[in-house]
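Chains as they are written, first to last, in this note's numbering: chain A, 12 to 98; chain B, 2 to 94; chain C, 1179 to 1736.
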Amino acid sequence: MSAVIIIFALVANIATIVLWRTQRSKQGAIRLLIVALGVIAFLTSCVLLAIPYAWTRAPFIALGVLGLSGWLCVFGGALLPTPKVTG
Amino acid sequence: MARPPTLFSAPKARLLACILGVLVTATLITAGGATYLPFNEIDRIGVPILLFPLTWSLLFLYSAMANSLWRVWAVLSVLSVVHAGLIYQHLAG
Amino acid sequence: MRALFISIWPGNVMQRDTTKKYYIIHSWLGVVTGILLFIVAYTGAFSVFGHNELKVWANEGVRGGVTHDYGAVEDLVKQHASDVGEDYLDHIRIMLPGESSFTRLQIGFEKEVVLESGRHEHHVIVFSHNPKTLALEDTFKGSLNDWFLNRPQDMADFMVTFHADLHLGNPWGLVLTGLLGLTLFASVITGVIIHRKILRELFSFRPLRSLRLLFTDTHKVLGVWGLLFHGTIAFTGAFLGLVLVLLVPAAAFVSFSGDQEKLVETFLPEIEPAITGVPAEPRPGDILTQFRENNPHVMLIDANIHGWGDESAIMAITTLGGDTLAASETFELSAVTGELQKSYSTFGKHDSVTGVFLDAMYPLHFGNFGGVFVKVIWSLLGVGTALLAVTGMMIWIERRAYGPEGNLSKAAYHRISRFTVGSCMGLVVASLTLFYSQLLLRVDAAALTYWLGVVFFSSWALVIFYALFIKNSYQSIKTLFLLCGLLAVGVPVLNAVITGDILSLTLFNGKTITAGVDATLLVCGLFCIWASRKLPAKRPDNDSLNVSNRSIPAEDVA
Chain A
12 MSAVIIIFAL VANIATIVLW RTQRSKQGAI RLLIVALGVI AFLTSCVLLA
62 IPYAWTRAPF IALGVLGLSG WLCVFGGALL PTPKVTG
Chain B
2 MARPPTLFSA PKARLLACIL GVLVTATLIT AGGATYLPFN EIDRIGVPIL
52 LFPLTWSLLF LYSAMANSLW RVWAVLSVLS VVHAGLIYQH LAG
Chain C
1179 MRALFISIWP GNVMQRDTTK KYYIIHSWLG VVTGILLFIV AYTGAFSVFG
1229 HNELKVWANE GVRGGVTHDY GAVEDLVKQH ASDVGEDYLD HIRIMLPGES
1279 SFTRLQIGFE KEVVLESGRH EHHVIVFSHN PKTLALEDTF KGSLNDWFLN
1329 RPQDMADFMV TFHADLHLGN PWGLVLTGLL GLTLFASVIT GVIIHRKILR
1379 ELFSFRPLRS LRLLFTDTHK VLGVWGLLFH GTIAFTGAFL GLVLVLLVPA
1429 AAFVSFSGDQ EKLVETFLPE IEPAITGVPA EPRPGDILTQ FRENNPHVML
1479 IDANIHGWGD ESAIMAITTL GGDTLAASET FELSAVTGEL QKSYSTFGKH
1529 DSVTGVFLDA MYPLHFGNFG GVFVKVIWSL LGVGTALLAV TGMMIWIERR
1579 AYGPEGNLSK AAYHRISRFT VGSCMGLVVA SLTLFYSQLL LRVDAAALTY
1629 WLGVVFFSSW ALVIFYALFI KNSYQSIKTL FLLCGLLAVG VPVLNAVITG
1679 DILSLTLFNG KTITAGVDAT LLVCGLFCIW ASRKLPAKRP DNDSLNVSNR
1729 SIPAEDVA
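What follows is the structure, given as structure tokens:
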């Protein structure tokens, strides 16, 4: 179960980071929503990780997963082909 | 041609303060902290030990950043002397 | 403190100079400690798996797990107890193989001797048994210190010790790694202060623009996303390195007139049963069997019996992997009835704030508090810390070899660059040779560490000489990546030939740890070979700093 939750937390964090990255030029309500989503994603991963790992450990694991998610998004994103801008 | 002013005054003496002065002062604070902190016996000894990396870092950055090197030596000396005195007082009586 | 705070919260005319001063401190801290930090961080990422994954891989005897017959263990304890004599029965330690650092069943009997000088010394008789057949393999008699120093070691121990003290021993090795933790902590703080646009830098990665930007962006992304991890590793590393050589002696000098043993006893009180003199038969086998049934998911490390033969005898079972952040939890039970009396973490016997934090230091540093997946996360983040060090070094060199900074010649910076490449890539090669040494060396167990060291340091030195000799660093990096890849891919092959544990079999016959280590090396090896093919063989054209731009833009401050 711990493996499934860690992978779930990783995917949830990556999804939030990708959303943040693609929408970061936005202002106002959307920006606020993204920040709220980021916090919720992190807290959800804490709560889920607390199931197999107990409360005393979950925040540390969640922070580790968040760091890895960031690296995966930024370094992995650079490997993806980008569409060429024409005109 | 005049040399441009350096960002760090007295670099050799400052290096000495950052390496040796800070380590000695941080160690004395760690040891001396156990004489006055208002905790139980375990925490009185343990808290300064646990905070050692933070104590060292603050003193190191202050010693490296402060404009006046005299003030750096003064702060390190006062902290060291006060804590050495507290240790002596504790051991003597 | 005023200067520090003014510069942390800038907003005055001094802001630019202050940021530049922090930048200079950050870069010099990094360049002085860069290679050493890479060494400690890389070996740290390796050491996360030292106990017990690499330990199991390195010892054929415990591969595939060990099923304990606690009844048979009890018979052996009783048989040895009757042989060693009354005075060795103060403290009996049963060290269980396969779950942590023990590779054989070891049963130790200890007595305390008062020397002429008034000091206390612990003498032990330790019986070592085969983990599976339980046949007696050897017996040690001497001081506890000698037993600890002369215990047989393997590649896992070699790597963990190298991470802890660089094989320089106590005190110099520990002081060095402790100071390295302090400088990393200061680097993390200065790094945060100089990166004022920290949120923008979370996504700033431009690998194809220039080599300088590749290093700078990689350094920032690794640093910012892993900020809390780097800070935690630095803080706990500084503490763990210096606690024994500086902090405990300093605290003992003040609080216990220099008596360090007394300080340790205050924090870690010994188990002392209230001896009644009423004889009773201890039942360690039944108690361990029952404990295992009640706690199927924890690792049993050892069981310590105090007051053998008395009705008040206590059996303390040390476990790993419970519900607390603390690395280990001890359960005290009656050695006669098996009734649970109390349980506590290593520093949890006293009701103190310090105990909670002291307990957290080791697991937060080694990531051994939540099973193999947490170890994987910690190890990957540790590789990030190592890459942070090496990219920092390369930025420093780039700015000086191809930019406006620095006083040395371009050739001198190239030599530093080649030495950095040799030291860092050499360590990776040397760490891989440990797997070969473990499988191929046929020497006495006591001499294994020496020969592991010979192979490890020789291969490291050879790679450094090679990197210094080859003028084109791009070519040497490409070649060394290929060498690392081939070495890593070769380990599972050699393992299959020497031990018969073929990866396709170990995946399904219960030797999952062996399979996991082999598969990880295979994947890493293939990645290195792929990277070697992709890396350029020479410096790309038009890839130097714009020399006319002599000031450092705030966003380029790394």
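Cβ atoms here follow ideal geometry from the backbone N, Cα and C, with glycine treated the same way.
Contact check, residue i vs residue j, beta carbons under 9 Å
i        : j        : result
A65(B)   : L29(B)   : no
Y1644(C) : A1715(C) : no
W1574(C) : G1604(C) : no
S1278(C) : M1493(C) : no
E1299(C) : D1268(C) : no
F71(A)   : L1405(C) : no
A1416(C) : L1357(C) : yes
G1239(C) : P1309(C) : yes
H1484(C) : A1458(C) : no
T1354(C) : F53(B)   : Rather than Thr, the amino acid found at residue 1354(C) in this sequence is Leu. Contact: no.
F1336(C) : G1631(C) : yes
Interface partners of residue i on chain C, CB under 7 Å
i      : result
V48(B) : T1532
V58(A) : Result: empty, since nearest Cβ-Cβ is about 15 Å, beyond 7 Å.
V76(A) : I1555
Three-state secondary structure (DSSP) of residue i
i        : result
D1679(C) : coil
Y1540(C) : helix
H1484(C) : strand
H1592(C) : helix
L1498(C) : strand
L83(A)   : helix
K1520(C) : strand
M1477(C) : strand
F1318(C) : strand
R1433(C) : For clarity, residue 1433(C) is Ser in the given sequence; the question names Arg instead. S1433(C) falls in the helix class under three-state DSSP.
L1(B)    : An answer regarding residue 1(B) cannot be provided, because it is not within the stretch 2 to 94 covered by chain B.
V1338(C) : helix
H1301(C) : strand
E1288(C) : strand
H1307(C) : strand
P1670(C) : helix
I1270(C) : strand
F19(A)   : helix
F1509(C) : strand
P1427(C) : helix
P1457(C) : strand
M1603(C) : helix
Contacts of residue i in chain B (Cβ-Cβ under 7 Å)
i        : result
H1528(C) : I43
I1453(C) : Those within 7 Å of I1453(C) in chain B number zero; the least Cβ separation is about 27 Å.
Cβ of residue i within 9 Å of any chain A Cβ
i        : result
T1245(C) : no
K1555(C) : The amino acid occupying residue 1555(C) in the given sequence is Ile; Lys does not appear at that position. Taking Cβ atoms only, chain A reaches closer than 9 Å to I1555(C), which makes this a yes.
L1723(C) : Reliability fails at L1723(C), whose pLDDT of 46 lies under 50, so the model's placement of it is uncertain and no value is given.
L1558(C) : yes
Cutoff 9 Å: residue i Cβ touching any chain B Cβ
i        : result
A1736(C) : Since pLDDT at A1736(C) reaches only 39, below the 50 mark, its modelled position is unreliable, and the value read off the structure follows with that caveat. No, no contact with chain B.
D1195(C) : yes
P1718(C) : no
V1426(C) : yes
Proximal residues of chain C, C-beta to C-beta of residue i below 8 Å
i      : result
S13(A) : G1548, G1549 and F1551
G33(B) : V1432
F85(A) : According to the sequence shown, residue 85(A) is Val rather than Phe. Neighbours of V85(A) on chain C, chain order: L1380, F1381, F1383, V1399 and W1403.
T36(B) : V1432
L77(B) : The contacting residues do not exist; L77(B) stays about 12 Å from chain C at best.
L62(B) : L1182, I1203, A1364, I1367 and T1368
Closer than 9 Å to chain C by CB, residue i
i      : result
W57(B) : yes
P54(B) : yes
G81(A) : yes
L51(B) : yes
S81(B) : no
A89(A) : yes
A11(B) : no
9 Å Cβ cut-off: residues of chain A touching residue i
i        : result
T1502(C) : A65, T67 and R68
Neighbouring residues, chain B, relative to residue i (Cβ below 8 Å)
i        : result
L1542(C) : The premise fails here: L1542(C) is roughly 12 Å from chain B at the closest Cβ pair, so nothing lies under 8 Å.
- Anything in the stretch 1371-1383 of chain C with a Cβ closer than 7 Å to a Cβ of chain A? List those residues in chain order, please. L1380, F1381 and F1383
At a CB distance below 7 Å, what residues from the stretch 14-32 of chain B approach chain C? Give them in sequence order. T28, T31 and A32
Along the stretch 1405-1421 of chain C, where does the CB come closer than 8 Å to a CB of chain B? Name the residues. A1412, F1413, A1416, F1417, L1420 and V1421
Between the stretch 1194-1226 of chain C and chain B, which residues of the former have a C-beta closer than 8 Å to a C-beta of the latter? D1195, T1196, K1198, K1199, Y1200, I1202 and I1203
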